[in-house]
Amino acid sequence: MYPSRGLSRQTPLNFHILIIVFLLTLSTPVSARTQTLVPLHVQKGTNLIRIARQYCNKPSDWKTIARINKLSSPYIIYTDATLQVPLPLLRAKKVSAKVISLKGSPLVLTRENKSLKLHKGDAVLPGQTVITRGDEYVHLVYPDNKHSRIGPESKMLLVYLMRLADNNLQAEFFLDRGKITNSIERKLRPNEHFRTRTPMAITGIRGTEFRVKVEDPETNIIETLKGRVALSAGGQKIFLSRGQGSKVKKGQQPTPPHALPPIPALPQLKKIYRTLPIVFTAPVQKGIRSMHVRVTTDKKGFNTLVEQSAKPGNNFALSSLTDGSYFLFLTAIDSAGFESRPAGPADLHIRTNPGAPIISSPKNNRKFFTPEIKIRWLESDLADHYRIQLATDSGFTHIVEKKQTTKAFYTTHDLKPGKYFFRVQLVTDDGFETLFSTPLTWEIMAQPKLGSLNTSSKGSDDGITLRWPAMADTAGYMIQIATDKACTDLIAEDDKLTDPSYTINFQLVNGKYYVRIRSITKDGLKSPWTPPQTMTVEAESSWLPHGMALLGFAALILIF
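Residue numbers (our numbering): 3 to 562.
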């Protein structure tokens, strides 16, 4: 007897919007089964012969389809039912997936068991296996804008990927270990399938998004991000709404629906990051064991560049991103292993080029006795101008001067003694402002000063003592006494004074003398000489003029 036409029967309204999850009783991997079966949708008014003629290599293949699906005469099939058809029977065009992003050095295992390194832009063909290790990941895109994100420590076989005779796409994956997230932007047509198998489950997707995780050989986790999941195992059926998950253990019923952790609060990101790494703290949330961040180039989160996990309260550090605009997603993972729906996308902007100016001179933490200082920094071709700030505090709250310049140097005005702090910022022609340079600090030292030195030695047997104000951060002083203002005709010099004083313990001829001093800092820096000060020695303050007068009088007597 020939097969009958498909009979119409009432189909549940949610048939096309649910993710249907069938739990297998066997844990045999796909690669080990005798044949791969492909689901075909039964349209209204068709029959087995028409299905075979439309989709199979031979019209007589309807008999094999009937046997596989345990159909007997009169071979009645129902509208919207699903038939399993052996893959070799189908007339189909093989297509490939494309790697649009990855991290690390993931591998692809060919049908010939040859291991090759995957690169961005590579094609992944049916029969090939993608393997990630450590923190590696691979993002695949399929025809018709379907996506799979294969997480770290995963192994996924692309069982088949093809277009049927009616141009509908059929795809099946086998996840041996690790994690995969499948996403489809539009609702699948009745004869399109996008299935993921694990050692214990089959998940089908229709216009939704969900995660499948193989925690270990005995445990699967299924999490619904969008849509609704029907999950059957051990003779029990449960439904998982958006934001719910369930664990399936081998040979057991699924656990009751478990609420996924609350969506975490996004971290407070800067408007723009000008240096790497980008560091921010993982939020602290009750019952959460870790936070997971993912950075993509698109708002929908398809093209992943970076993934990283951190314990709540610890820091994320993203260091491999180049200048550009990105989108950040954050999920929370609880103690049971369930992962929240993602928070985000949050805008993430990075611009590190050009970098902050680099000051080339003078050296940091120097001391100067000159009140005018010239600062230089490395010039950049990307600079429109520079902004400088000079302050008396490291926080730059007490600004002495701020200005703009197109030159790669700056000369201060005469500065008073004290500590100063300087920094410079580069501004490009499109208005981008770099960070300020690392602050440069220096100290202007006070120069030693001498007052009027009009003095006398009358009544003193210990000579003349000169004193001047002590100076801070000074290890010693130098003094010179000369008969000329240029201090070239020296009558006294001492460079080992530790106190701000000097005693002239020899007799001076009456007249004018010139005195100057300089200080020596603890690190050996010598100040400029003070302007020469005049010291007047009166006649009665010295015995030498009187002696000279007596000698002159004796000479006159001898002449006459």
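Backbone N, C-alpha and C define an ideal beta-carbon position, used for all residues, glycine too.
Since the model is a prediction, treat every value here as computed from it, not as a measurement.
In the three-state reduction of the DSSP assignment, residue 475 falls in the coil class, being assigned neither a helical nor a strand state. Residue 319 sits in a strand when the DSSP states are folded into three classes.
C-alpha of residue 540 to C-alpha of residue 424: approximately 52 Å in a straight line. Bridge pairing for residue 195: 172 [DSSP]. According to the DSSP secondary-structure assignment, residue 496 is paired through a beta bridge with 481.
Note that the C-beta distance between residue 225 and residue 246 is below 9 Å. It is roughly 9 Å from the alpha-carbon of residue 277 to the alpha-carbon of residue 358. By the CB criterion at 9 Å, residue 415 and residue 374 fall inside the cutoff.
The C-beta of residue 63 has 16 or more other C-beta atoms within 10 Å across all chains shown, which makes the residue buried. For residue 127, no alpha helix (DSSP H) segment is defined, and its DSSP state is neither H nor E. The bridge partners DSSP lists for residue 223 are 215, 249. Secondary structure at residue 62: helix, using DSSP grouped into helix, strand and coil. Distances from the alpha-carbon of residue 250 to those of 261, 363, 244, 236 put 236 closest. Here residue 360 carries a coil assignment [DSSP, helix/strand/coil]. Considered as a whole, the segment 91–142 harbours 99–105, 109–111, 117–119, 131–133 as its complete beta strand (DSSP E) runs of no fewer than 3 residues, in chain order.
The distance from the Cβ of residue 137 to that of residue 154 is about 5 Å, consistent with a contact at the 8 Å cut-off. Collapsing the DSSP output to three states places residue 280 in a strand.
Here residue 56 carries a helix assignment [DSSP, helix/strand/coil].
Around the CB of residue 533, fewer than 16 other CB atoms lie within 10 Å, so the residue is classed as exposed. Here residue 517 is near residue 483, since their CB atoms are less than 9 Å apart. Taking the CA atoms as reference points, residue 372 sits about 13 Å from residue 421. The criterion of a C-beta distance shorter than 9 Å is satisfied by residue 133 and residue 109. In this structure, the beta-carbon distance from residue 503 to residue 536 does not fall below 9 Å. If you ignore the 5 residues before and after residue 228, its C-beta comes within less than 8 Å of the C-beta of 210, 211, 212, 244, all in its own chain and listed in chain order. The Cβ neighbour count for residue 80, taken over all protein chains shown within 10 Å, is under 16; the residue is labelled exposed.
If the five residues before and after residue 323 are omitted, its C-beta is found closer than 6 Å to the C-beta atoms of 352, all from its own chain and listed in chain order. With contacts defined by Cβ atoms closer than 9 Å, residue 531 and residue 519 form a contacting pair. Residue 513 places its beta carbon less than 9 Å from that of residue 538. Across the structure, residue 65 and residue 294 are spaced so that their CA atoms are roughly 51 Å apart. For residue 410, the secondary structure class from DSSP, reduced to helix, strand or coil, is coil. The beta-carbon separation of residue 300 and residue 329, rounded to 7 Å, stays under the 8 Å limit for a contact. The segment 389–402 makes no contact with the segment 330–348: fewer than 3 CB pairs, one atom from each, lie closer than 8 Å. Below 8 Å, too few C-beta pairs join the segment 99–114 and the segment 268–276 to call them touching: fewer than three. A residue is called buried once 16 or more other Cβ atoms fall within 10 Å of its Cβ, and residue 336 is buried on that count. Nearest neighbour of residue 67 by Cα position, chosen from 410, 90, 253, turns out to be 90.
Contact holds between the segment 255–269 and the segment 286–293, because three or more Cβ pairs, one in each stretch, are under 8 Å apart.
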